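Chains as they are written, first to last, in the numbering used here: chain W, 1 to 83; chain D, 84 to 166; chain U, 167 to 322; chain Y, 323 to 478.
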């Protein structure tokens with residue numbers, strides 16, 4: 001599974017992209033977030049407030065309940081500010 | 084008093100502009116319209132339907148009740164279609 | 167700024183002059199009205215725009231002043247052409263510049279709605295059946311009237 | 323049409339390409355978003371726009387398709403820049419072309435509202451206190467949401 005980070009989530013984690021094996025017990029986006037928070041203090045800090053974390057699975061906006069699977073591209077980013 | 088005609092009111096009357104002495108008994112725009120209608124069949128035809136005649140006195144939209152006086156510039160035209 | 171002219175205008179140059187060097191401008195909205203090749207189901211060969219010199223300037227200046235008083239605009243522009251035009255030709259240009267987009271969009275829509283309802287211009291079209299004066303559309307009056315109620319609050 | 327690019331764009335050339343030779347177009351509306359030299363009371367020296375390549379194209383294409391399905395448009399265009407920008411620089415261009423102005427205005431406003439709420443771009447500004455990520459504005463979400471109710475009837 002490829003995970004992408006953007007904007008201040010990217011800066012806080014210090015990574016723009018990583019590839020991980022789908023962890024055991026993770027089948028939904030929210031579970032993936034919980035698992036990532038446990039990877040280290042920079043992850044916990046960047047992903048602490050779920051209300052400002054947007055999730056996209058395979059380039060589509062997704063909720064915490066959305067299914068995730070090995071091979072998916074999951075992106076985590078703050079609310080968008082283009083335009 | 085200068086009277087200007089525009090668009091199809093101008094074409095029907097066959098005049099774009101004329102200067103008339105303020106007729107006796109005319110002190111409002113509606114009275115001027117009535118007087119003009121009596122000047123000939125082309126005037127009567129052009130000004131028959133007051134609902135499609137717009138009046139401007141000294142370059143300001145005016146109602147049938149608006150006062151008109153010698154020296155005024157009165158314009159008669161159909162609803163505008165610019166833009 | 168308002169201009170009434172026979173000649174075409176340069177949209178990019180006009181946008182640049184409206185924005186100028188004002189770096190507080192975050193949103194520019196532009197409306198361009200063009201001559202269509204069909205109207206009311208009839209094909210249009212060409213068009214002549216007549217206007218009332220003097221009153222036209224006065225009305226456009228007043229409409230622009232009204233927009234400037236209703237919205238926090240940095241600048242705005244109305245250019246309206248008259249004379250002989252053909253399908254595809256530009257008739258009118260409206261530009262509004264503001265810090266944020268809501269004011270810029272609303273102001274341009276207002277300027278177009280009010281100039282269509284109030285500025286003394288008349289269109290005469292040539293169709294295969296001959297020339298005809300364009301009739302005013304009821305919904306242009308309705309579009310102008312919708313600006314008389316309570317304004318939508320401006321969020322800056 | 324949608325484009326995501328680092329380079330600036332030529333507004334007049336883009337308008338010409340949107341209208342093309344379609345003489346049924348009577349109304350063109352344009353929105354240009356610019357970098358402001360002040361935001362939230364702080365002066366802005368420059369800005370960097372980050373985006374999510376792939377998802378950005380997908381979202382903008384979907385937003386444009388939604389506008390084309392809601393309004394009778396002849397054509398539309400969204401160009402969004404990314405990378406390093408300075409105050410006064412153009413960020414985004416939206417163009418809508420239609421027979422009549424109501425559709426063109428509403429479509430451009432919709433396109434801007436939805437791209438601001440949905441397209442994955444993020445702005446980072448440099449202020450005298452250092453660089454900061456721009457926070458999303460609540461009223462951008464509200465502006466996007468107002469298009470979910472019943473549409474205003476289109477009069478043609």
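For glycine and all other residues, C-beta sits at the position ideal for the given N, C-alpha and C.
As the structure is a computational prediction, the values presented were derived from the model and not from experiment.
- Check the Cβ-Cβ distances between residue 136/D and every residue of chain U, and say whether any is below 8 Å. Counting from 1 along the second chain, the entry for residue 136/D is found at position 53. With 8 Å as the cut-off, residue 136/D does not count as an interface residue toward chain U.
- Message: Using the three-state DSSP reduction, which class does residue 222/U fall into: helix, strand or coil?
- Response: The sequence position of residue 222/U within the third chain is 56, counting from 1. Looking at residue 222/U - three-state DSSP - the assignment turns out to be helix.
- Message: Under DSSP, the alpha helix (DSSP H) around residue 54/W begins and ends at which residues?
- Response: Taking the first residue of the first chain as 1, we reach residue 54/W at position 54. For residue 54/W, there is no enclosing alpha helix (DSSP H); the residue is part of the beta strand (DSSP E) that begins and ends at 54 to 57.
- Task: May I ask you to report which of helix, strand or coil DSSP gives residue 124/D?
- Result: Residue numbering aside, residue 124/D sits at position 41 when the second chain is read from its first letter. Helix.
- Query: Terminal residues of the continuous beta strand (DSSP E) containing residue 327/Y?
  - Reply: Position 5 of the fourth chain holds residue 327/Y. Residues 324 to 327.
- Query: Whole-angstrom Cβ separation of residue 260/U and residue 277/U, contact assumed at under 8 Å?
  - Reply: Position 94 of the third chain, counted from the start, is the residue given in the question as residue 260/U. Position 111 of the third chain, counted from the start, is the residue given in the question as residue 277/U. Their Cβ separation, rounded to whole angstroms, is 5 Å, which keeps residue 260/U and residue 277/U in contact under 8 Å.
- Message: Would you say residue 207/U lies against chain Y (beta-carbon separation less than 8 Å)?
- Response: Walking along the third chain from the start, residue 207/U turns up at place 41. False, the Cβ-Cβ gap to chain Y never drops below 8 Å.
- Give, in chain order, every residue of the stretch 186 to 217 of chain U whose Cβ lies closer than 8 Å to some Cβ of chain D. Contact residues of the stretch 186 to 217 of chain U toward chain D are 199, 215, 216, 217 (C-beta to C-beta distance below 8 Å).
- Query: By Cβ distance, which residues of its chain are closer than 6 Å to residue 225/U, with the 5 residues on each side in sequence left out?
  - Reply: The sequence position of residue 225/U within the third chain is 59, counting from 1. Cβ within range, chain order: 284, 285.
- Message: For the stretch 106 to 125 of chain D against the stretch 33 to 47 of chain W, do three or more pairs of beta-carbon atoms, one drawn from each stretch, fall closer than 8 Å, so that the two count as touching?
- Response: Pairwise C-beta distances place the stretch 106 to 125 of chain D out of contact with the stretch 33 to 47 of chain W, as fewer than three of them are shorter than 8 Å.
- Task: Would you check if the distance between the CB atom of residue 80/W and the CB atom of residue 29/W is smaller than 8 Å?
- Result: As a position in the first chain, residue 80/W is number 80, starting the count at 1. As a position in the first chain, residue 29/W is number 29, starting the count at 1. Taking 8 Å as the Cβ cut-off, residue 80/W and residue 29/W do not qualify as a contacting pair.
- Query: Can you tell which of 132/D, 134/D, 127/D, 115/D has the C-alpha that lies nearest to the C-alpha of residue 84/D?
  - Reply: Position 1 of the second chain, counted from the start, is the residue given in the question as residue 84/D. Minimum Cα distance to residue 84/D is reached at 115/D.
- Task: Out of 458/Y, 475/Y, 449/Y, 410/Y, point me to the one whose CA is closest to residue 187/U's CA.
- Result: For this step, residue 187/U is matched to residue 21 along the third chain. Residue 187/U has its Cα closest to that of 410/Y, out of 458/Y, 475/Y, 449/Y, 410/Y.
- Message: Just to make sure I have the definition right: I need the residues of chain D whose C-beta is within less than 8 Å of the C-beta of residue 287/U. Which are they?
- Response: Position 121 of the third chain, counting from 1, holds the residue named residue 287/U. Per Cβ cutoff of 8 Å: 163, 164, 165, 166.
- Query: Looking only at C-alpha atoms, which of 314/U, 279/U, 240/U, 302/U sits nearest to residue 269/U?
  - Reply: For this step, residue 269/U is matched to residue 103 along the third chain. For the residues 314/U, 279/U, 240/U, 302/U, the minimum Cα distance to residue 269/U belongs to 240/U.
- Query: Listing by chain order, which chain W residues have their CB less than 8 Å from the CB of residue 440/Y?
  - Reply: Here residue 440/Y refers to the residue found at position 118 of the fourth chain. Chain W residues near residue 440/Y: 61, 80.
- What whole-angstrom Cβ distance do residue 158/D and residue 248/U have, given they're in contact under 8 Å? On the second chain, residue 158/D is found 75 positions in, with the first residue counted as 1. On the third chain, residue 248/U is found 82 positions in, with the first residue counted as 1. Contact between residue 158/D and residue 248/U does not hold, since the beta-carbon distance rounds to 16 Å and is not under 8 Å.
- Task: Report the rounded CA-to-CA distance for residue 388/Y versus residue 470/Y, giving the unit in angstroms.
- Result: Stepping through the fourth chain from its first residue, residue 388/Y is reached at position 66. Stepping through the fourth chain from its first residue, residue 470/Y is reached at position 148. So the alpha carbons of these two residues sit roughly 12 Å apart.
- Query: When Cβ atoms are compared, which residues of the stretch 107 to 128 of chain D fall closer than 9 Å to chain U?
  - Reply: Those would be none; no residue qualifies.
- Does DSSP classify residue 332/Y as helix, strand or coil? Numbered from its first residue, the fourth chain carries residue 332/Y at position 10. Reduced to three states, the DSSP call for residue 332/Y is coil.
- Message: For the alpha helix (DSSP H) containing residue 10/W, name the first residue and the last one.
- Response: Taking the first chain and counting its residues from 1, one reaches residue 10/W at position 10. Its alpha helix (DSSP H) spans residues 7 to 13.
- From the beta carbon of residue 70/W, is the nearest beta carbon of chain Y less than 8 Å away? Start at 1 with the first residue of the first chain, and residue 70/W comes out as number 70. Closer than 8 Å to the CB of residue 70/W there is not a single CB belonging to chain Y.
- Among 221/U, 271/U, 220/U, which residue has its Cα nearest to the Cα of residue 318/U? The sequence position of residue 318/U within the third chain is 152, counting from 1. Of the candidates 221/U, 271/U, 220/U, the one whose C-alpha sits nearest the C-alpha of residue 318/U is 271/U.
- Message: Could you compute how far the alpha carbon of residue 429/Y sits from the alpha carbon of residue 386/Y?
- Response: Taking the fourth chain and counting its residues from 1, one reaches residue 429/Y at position 107. Taking the fourth chain and counting its residues from 1, one reaches residue 386/Y at position 64. Using only the alpha carbons, I get a separation of about 9 Å.
- Task: Determine the DSSP secondary structure at residue 237/U, reduced to helix, strand or coil.
- Result: Looking up residue 237/U in the third chain gives position 71. Reduced to three states, the DSSP call for residue 237/U is coil.
- Message: Could you compute how far the alpha carbon of residue 327/Y sits from the alpha carbon of residue 356/Y?
- Response: For the purposes of this step, residue 327/Y is identified with residue 5 of the fourth chain, where counting begins at 1. For the purposes of this step, residue 356/Y is identified with residue 34 of the fourth chain, where counting begins at 1. Residue 327/Y and residue 356/Y: Cα-Cα distance of roughly 15 Å.
- Message: Using the Cβ count rule (16 or more neighbours within 10 Å means buried), how would you classify residue 358/Y?
- Response: By 1-based counting over the fourth chain, the position of residue 358/Y is 36. Residue 358/Y should be labelled buried.
- Any residues in the stretch 235 to 267 of chain U with a beta carbon nearer than 8 Å to a beta carbon of chain D? Which ones, in chain order? Identification of residues in the stretch 235 to 267 of chain U having a C-beta nearer than 8 Å to some C-beta of chain D yields 246, 257, 258, given in sequence order.
- Query: Does the distance from the CB of residue 398/Y to the CB of residue 340/Y come in under 8 Å?
  - Reply: Reading the fourth chain from its first residue, position 76 is the one you call residue 398/Y. Reading the fourth chain from its first residue, position 18 is the one you call residue 340/Y. Yes, the pair counts as a contact, with Cβ atoms nearer than the cut-off.
- Query: Ordered along the chain, which non-local residues of its own chain (more than five positions away) have a Cβ less than 7 Å from that of residue 141/D?
  - Reply: Locating residue 141/D in the second chain gives position 58, counting from the first residue. Here the set comprises 155, 156.
- Proximal residues of chain U, C-beta to C-beta of residue 431/Y below 7 Å: As a working mapping, residue 431/Y is identified with position 109 in the fourth chain. Under the 7 Å cutoff, chain U gives 271.
- Message: At the level of alpha carbons, what is the spacing between residue 92/D and residue 392/Y?
- Response: In the second chain, counting from the first residue as 1, residue 92/D sits at position 9. In the fourth chain, counting from the first residue as 1, residue 392/Y sits at position 70. Straight across, the Cα-Cα distance linking residue 92/D with residue 392/Y is about 40 Å.
- Query: Is the Cβ-Cβ distance between residue 436/Y and residue 466/Y less than 8 Å?
  - Reply: Translated into the one-based positions of the fourth chain, residue 436/Y becomes position 114. Translated into the one-based positions of the fourth chain, residue 466/Y becomes position 144. For the 8 Å CB-CB criterion, residue 436/Y and residue 466/Y form a contact.
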